[in-house]
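**Q** Residue numbers (this note's numbering): 1153 to 1452.
For reference, the structure I am asking about is given below.
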Ligand SMILES: NC(=O)c1ccc[n+]([C@@H]2O[C@H](COP(=O)([O-])OP(=O)(O)OC[C@H]3O[C@@H](n4cnc5c(N)ncnc54)[C@H](OP(=O)(O)O)[C@@H]3O)[C@@H](O)[C@H]2O)c1
């Protein structure tokens, strides 16, 4: 029988796609969610991270946990309350699962978790590898705490794999629709000086990399980005080309972005150039290594 995977955050942008791909490959899939589910062929178990409750049956027969749950990083202004929610939805959640694994017998041997390239945050032109030092701003701190909480699984004898995910490109969610909207309306332009690096990845390669992580004995941390990062200007131009729209406005000045987004402006125009060397050396083959190919597939 195929393996049984429990996803947290399985209802999200990536979770849905990973669920579909795993079901197609013959895996059994369950979700841990804050609300009852309606996905066909998926059993949903409930948890409440604030109350510290979890349906204990969620781990029965499970082989691997994929931990994607977390409050959206860019979904609201970074108040202190929001920052706490962003971090705790990632750390307390996996902690709740580990507490359950300590007290109930199970056969789980692997935990694969999302993390983010926010670990490196705004690093200018420097190429970031998995052993590069973390940033100490909010994004960096969030990723440090997130990975530390996931790493607790090593004490339980689990194989722990973390993917520092870049900007996932998908027509229906995440950063791309927001970037594409002003371009579609004819008022798009690069942000800041346009030179910030964008560590993009096509969603299909994200799904494939989770599957690769399941099926190969990888552990530790791997960057989850395409091998050819582009600058904000190159990305904006490539999207405009796909959408057959001209770019005629001057760049949006950095100070305007800072005024609008405050501390969060790092998400919009922070420069993060990230290496895909380690995952490629492990044998992963990207389907979309170049931005033009990726966008023409996304916008067919
Ligand atoms: N998409 C990207 O570009 C990208 C880039 C870097 C890292 N990542 C990381 O990869 C993971 C999955 O990304 P995604 O784009 O699929 O995220 P998403 O669409 O925002 O989905 C995240 C899921 O987490 C659960 N969730 C949301 N708020 C929560 C809260 N306050 N407490 C507990 N659970 C909560 C929800 O599941 P339920 O409603 O079922 O509970 C939701 O479906 C996230 O951790 C994200 O930070 C994504």
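Note that the Cβ used here is the ideal one computed from N, Cα and C, for glycine as well.
Under three-state DSSP, which class holds residue 1155?
**A** Residue 1155 falls in the coil class under three-state DSSP.
**Q** Kindly provide the ranges of any beta strand (DSSP E) runs that are 3 or more residues long and lie completely inside the stretch 1247-1289, ordered along the chain.
**A** Entirely contained in the stretch 1247-1289, the beta strand (DSSP E) runs reaching 3 residues are, in chain order, 1262-1268.
**Q** According to DSSP, simplified to helix, strand and coil, what is residue 1374?
**A** In the structure shown, residue 1374 sits in a strand (DSSP, three-state: E or B).
**Q** How is the beta strand (DSSP E) around residue 1523 delimited, first residue to last?
**A** In the structure as shown, the chain starts at 1153 and stops at 1452, and residue 1523 therefore has no counterpart that could be examined.
**Q** For my contact list, residue 1314 and residue 1267 are in at a C-beta cut-off of 8 Å; report their separation, rounded to the angstrom.
**A** Right, the Cβ-Cβ distance comes to about 5 Å (below 8 Å), so this counts as a contact.
**Q** Compare the Cα-Cα distances from residue 1184 to each of 1210, 1348, 1204 and report the closest residue.
**A** Of the candidates 1210, 1348, 1204, the one whose C-alpha sits nearest the C-alpha of residue 1184 is 1210.
**Q** Quick check on residue 1331: does DSSP put it in helix, strand or coil?
**A** Helix at residue 1331.
**Q** With burial defined as no fewer than 16 other Cβ atoms inside 10 Å of the residue's Cβ, what is the status of residue 1330: buried or exposed?
**A** Classification for residue 1330: exposed.
**Q** Which of the three DSSP states is assigned to residue 1302 in this structure?
**A** Residue state, collapsed to three classes: helix.
**Q** Could you check whether the Cβ of residue 1185 sits closer than 8 Å to any heavy atom belonging to ligand 1?
**A** Residue 1185 Cβ: within cutoff of ligand 1.
**Q** Given a threshold of 16 other Cβ atoms within 10 Å of its Cβ, counted over all protein chains shown, does residue 1435 qualify as buried or as exposed?
**A** Looking at its Cβ environment, which holds fewer than 16 other Cβ atoms inside 10 Å, residue 1435 is exposed.
**Q** Run the proximity test for residue 1348: is its beta-carbon closer than 8 Å to any non-hydrogen atom belonging to ligand 1?
**A** Residue 1348: no, Cβ never under 8 Å from ligand 1.
**Q** What separation, rounded to the nearest whole angstrom, lies between the Cα atoms of residue 1279 and residue 1235?
**A** Near 27 Å, if we compare the C-alpha coordinates of residue 1235 and residue 1279.
**Q** Exposed or buried, what is residue 1269 when buried is set at 16 or more other beta-carbons lying within 10 Å of its beta-carbon?
**A** Its Cβ being crowded by 16 or more others within 10 Å, residue 1269 is buried.
**Q** Can you tell which of 1175, 1154, 1397, 1307 has its C-alpha closest to the C-alpha of residue 1335?
**A** Per the Cα distances, 1397.
**Q** I'd like to confirm the pairing. Which residues does DSSP put opposite residue 1245 in its beta bridges?
**A** Residue 1245 is not bridged to any residue.
**Q** Let's see if you can read the secondary structure: which residues bound the beta strand (DSSP E) around residue 1314?
**A** Element bounds for residue 1314: 1311-1317.
**Q** May I have the straight-line CA-CA distance separating residue 1241 from residue 1223, to the nearest angstrom?
**A** Distance between the alpha carbons of residue 1241 and residue 1223: 6 Å.
**Q** Return the CA-CA distance between residue 1432 and residue 1390, expressed in angstroms with no decimal places.
**A** Each residue's alpha carbon lies about 25 Å from the other.
**Q** Is residue 1388 near ligand 1 - that is, is its Cβ less than 8 Å away from at least one heavy atom of it?
**A** No - ligand 1 has no heavy atom lying nearer than 8 Å to the Cβ of residue 1388.
**Q** Indicate the three-state DSSP secondary structure (helix, strand or coil) for residue 1392 in the structure shown.
**A** Helix, per DSSP.
**Q** Leaving out five residues on either side along the sequence, give the residues of the same chain with a beta carbon under 6 Å from the beta carbon of residue 1364.
**A** Taken in chain order, the residues that qualify are 1436.
**Q** Regarding residue 1163 and ligand 1, is the C-beta to nearest heavy atom distance less than 8 Å?
**A** Flag set: Cβ of residue 1163 near ligand 1.
**Q** Apply the 10 Å Cβ neighbour rule to residue 1407 and answer buried if 16 or more other Cβ atoms are within range, or exposed otherwise.
**A** Burial call: exposed.
**Q** Going by C-alpha distance, which of 1249, 1293, 1340, 1428 is nearest residue 1352?
**A** Nearest of 1249, 1293, 1340, 1428 to residue 1352, Cα basis: 1428.
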